[in-house]
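Numbering (our numbering), first residue to last: 306 to 819.
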C-alpha cells in the first residue's frame, strides 16, 4: 500500500515536470520553420481563401503528405488565428500530449511506474523529437497518433486503435502498415478464429470508411491517391546500389539519436530470449513468455516493417520519418533491459540499471542535440530570414501579380511572394516529377531549363555553392544573390540563392539588389 502510494505520488509530480521541461526546451527554437512547413501554410492559405487544395491558387495538386494536418492548420486559420502561429502552436501542444501518451503506453508495456517514467524522460530529450516539435510540420501529430494506436491495441480496444490508425494514415501514408499489424494482433491473440475473422472484417470496414473518402477525393481531384511527396522521395528502384545507399543513410540517421537505445534493444533482446528459454515449461514460465510476446509483437513489428519499407523502396530518409518508430526503440530497450535483469542473478540491481540506461540515452541525445541539432537549427533560421523569405517578399513587392517564378525551394518563396510557382522538385508541378531521379536533381532541371515542359517563368531562383552561377546564360539577368549558411544538418556548405529575371538581356529588367 505504501509502495503504491509512493509510486502514485512519483507519477503525479514527475510526469508534469517532464512535460513542462520538454515544452520549455522545444519552445527555445519555436522560430525554427523548415521550408516544407511553409508549403503547408501556402496550401492552408489557399484552402482558407476558397482556392481549394492547391499551392498555386486554382491549380489543384497533391503536393502535401498529410491532408489531416492541412485541415487542422486551415481550421486554425478559419478561426482567425494567424496560420504561422496556428501551425507551430498546435504542433508544440501535440508534441507535449504525445509525451503523456508515451508514458501511458510505456506503462502498459513495462507495467512499472518508475521504469515507464525513466523511459519517458529518455524519450523527452530525443534529439529528433525536440528538433521537429513546434516546427509547424505534421511530425508531432504522427507521433501522438502512432502512440495512441498502439496503446489501444495493447489494451485490446481494437476499434479506437483502428480509428487512430486510419487518422495516422492521413498523416503519414506509410503508416497504413500499422493497420495490418493490428489485424494480425487480433488474429494471433484471439481464442476463437471465427470471432477473430469477424473482428478483422469489422475493423477493415471501419478503416476503409475513414480513409476511402479522402482517397476517392484525391483520385477525382488530383488523378492520383499517392502524394507527390511520396512519388518524389520514394525511389521504387529495388536495385542493390540504391538499397544499400538508403540503408546507410537510414542507419546513420537512426543511430545519431537512438544508437545507444538501439544497441541495448538488440543485446538485451537476445539475452532476454535466452533467459526466457531457460524458464521452466510450466504455467508461470509459459505465461511470462506469452505476455512478453504479446507486448512486443506490434511494437517490434512496427519497427521492422517501417524499416524494411523505407530501405526497400529507397526512400529519401528524413529524421522526422523515423519518429514513427523511434519512440518504440526507446520503449522496448527499457522493457527488454528491465526484464532481462529481472530474470538474472542481478535482479536486485535492476532499478540502478534502469537509471544507468536512462543516463546513457539522455547523454547521447543531449550531446547530439547541443553539438549538431541546435547549431543547425540556428543556422537554418538565419538562412530563412536572410535568404528565402526576403526573396519571396521582394517578388511580392517588385513583380506583377501574374508573374511566374521557377525554384526548387517553393515554401517560403511561394508563401511570401503570392506569385505562381513552378516547382523544379515536382511537388507543386507534378509534370516535372518524372525528371527527378538519382542522376538528375531539381537544380539540374533549372540549369538545363527542363522546366519549360510545364511553364514559362518570368523569374528564376537558382541554388548553388557558386554565387550567380548562371550569369553567363544570355537569357538570364541576375538581380541579387543571398547566402544560406547551412541548408541542412548534413549540408554544411554555404549555398547561394540567386534570383534571375528570365528574358533576352536587352529586354530584361536591369534592377539589381534589394
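No residue lacks a Cβ here, since even glycine has one placed at the ideal position from N, Cα and C.
Does the distance from the CB of residue i to the CB of residue j come in under 8 Å?
{"i": "residue 442", "j": "residue 396", "result": "yes"}
{"i": "residue 532", "j": "residue 367", "result": "yes"}
{"i": "residue 482", "j": "residue 612", "result": "no"}
{"i": "residue 521", "j": "residue 404", "result": "no"}
{"i": "residue 693", "j": "residue 802", "result": "yes"}
{"i": "residue 515", "j": "residue 468", "result": "yes"}
{"i": "residue 508", "j": "residue 493", "result": "no"}
{"i": "residue 430", "j": "residue 640", "result": "no"}
{"i": "residue 782", "j": "residue 754", "result": "no"}
{"i": "residue 798", "j": "residue 770", "result": "yes"}
{"i": "residue 517", "j": "residue 673", "result": "no"}
{"i": "residue 704", "j": "residue 727", "result": "no"}
{"i": "residue 597", "j": "residue 644", "result": "yes"}
{"i": "residue 476", "j": "residue 624", "result": "no"}
{"i": "residue 320", "j": "residue 408", "result": "yes"}
{"i": "residue 751", "j": "residue 713", "result": "yes"}
{"i": "residue 491", "j": "residue 473", "result": "no"}
{"i": "residue 439", "j": "residue 327", "result": "no"}
{"i": "residue 687", "j": "residue 790", "result": "yes"}
{"i": "residue 357", "j": "residue 365", "result": "yes"}
{"i": "residue 427", "j": "residue 667", "result": "yes"}
{"i": "residue 360", "j": "residue 741", "result": "no"}
{"i": "residue 649", "j": "residue 580", "result": "yes"}
{"i": "residue 660", "j": "residue 642", "result": "no"}
{"i": "residue 455", "j": "residue 410", "result": "yes"}
{"i": "residue 349", "j": "residue 382", "result": "yes"}
{"i": "residue 622", "j": "residue 664", "result": "no"}
{"i": "residue 711", "j": "residue 765", "result": "yes"}
Have a look at the DSSP bridge pairing and note the partners of residue i.
{"i": "residue 711", "result": "727, 765"}
{"i": "residue 806", "result": "764, 782"}
{"i": "residue 689", "result": "According to DSSP, residue 689 bridges with nothing at all."}
{"i": "residue 365", "result": "359"}
{"i": "residue 801", "result": "769, 788"}
{"i": "residue 745", "result": "742"}
Roughly how far, in whole angstroms, is the beta-carbon of residue i from the beta-carbon of residue j, given that I think they are within contact range, below 8 Å?
{"i": "residue 470", "j": "residue 484", "result": "5 Å"}
{"i": "residue 747", "j": "residue 733", "result": "That pair is no contact at about 12 Å."}
{"i": "residue 536", "j": "residue 738", "result": "6 Å"}
{"i": "residue 772", "j": "residue 792", "result": "Not really, about 15 Å apart at Cβ, beyond 8 Å."}
{"i": "residue 406", "j": "residue 449", "result": "6 Å"}
{"i": "residue 399", "j": "residue 445", "result": "4 Å"}
{"i": "residue 619", "j": "residue 551", "result": "5 Å"}
Can you tell me whether residue i sits near the ligand FMN, meaning its C-beta is under 7 Å from at least one heavy atom of the ligand?
{"i": "residue 458", "result": "Ligands in the displayed structure: none, and consequently the ligand FMN is not present."}
- prompt: Hey, which unbroken runs of the alpha helix (DSSP H) at 4 residues or more fall wholly within the segment 533–580?
  reply: 533–538
query: Okay, do the segment 623–638 and the segment 561–568 touch, 3+ Cβ pairs below 8 Å being the bar?
result: yes
query: At which residue ranges does the segment 371–441 contain complete alpha helix (DSSP H) runs of 4 or more residues, listed in the order of the chain?
result: 372–383, 388–415, 418–429, 432–437
field: the segment 600–607 / the segment 369–381 touching (three or more Cβ pairs under 8 Å)
entry: no
field: Contained alpha helix (DSSP H) runs [length at least 4] in the segment 603–629, N- to C-terminal order
entry: 624–627
message: Count Cβ pairs between the segment 418–437 and the segment 615–628 that sit closer than 8 Å; are there 3 or more?
response: yes
message: Taking contact to mean 3 or more Cβ pairs, one atom from each stretch, closer than 8 Å, check whether the segment 681–701 and the segment 489–504 are in contact.
response: no
field: Uninterrupted beta strand (DSSP E) stretches inside the segment 637–676 (no shorter than 3 residues)
entry: none
query: Is there contact here, the segment 412–420 with the segment 337–345, by at least three beta-carbon pairs under 8 Å?
result: no
- request: Any chance you could list the alpha helix (DSSP H) runs of at least 4 consecutive residues sitting entirely within the segment 440–525, in chain order?
  value: 444–459, 463–474, 481–494
- prompt: Taking only runs of the beta strand (DSSP E) that begin and end inside the segment 308–332, which ones reach a length of at least 3 residues, in chain order?
  reply: none
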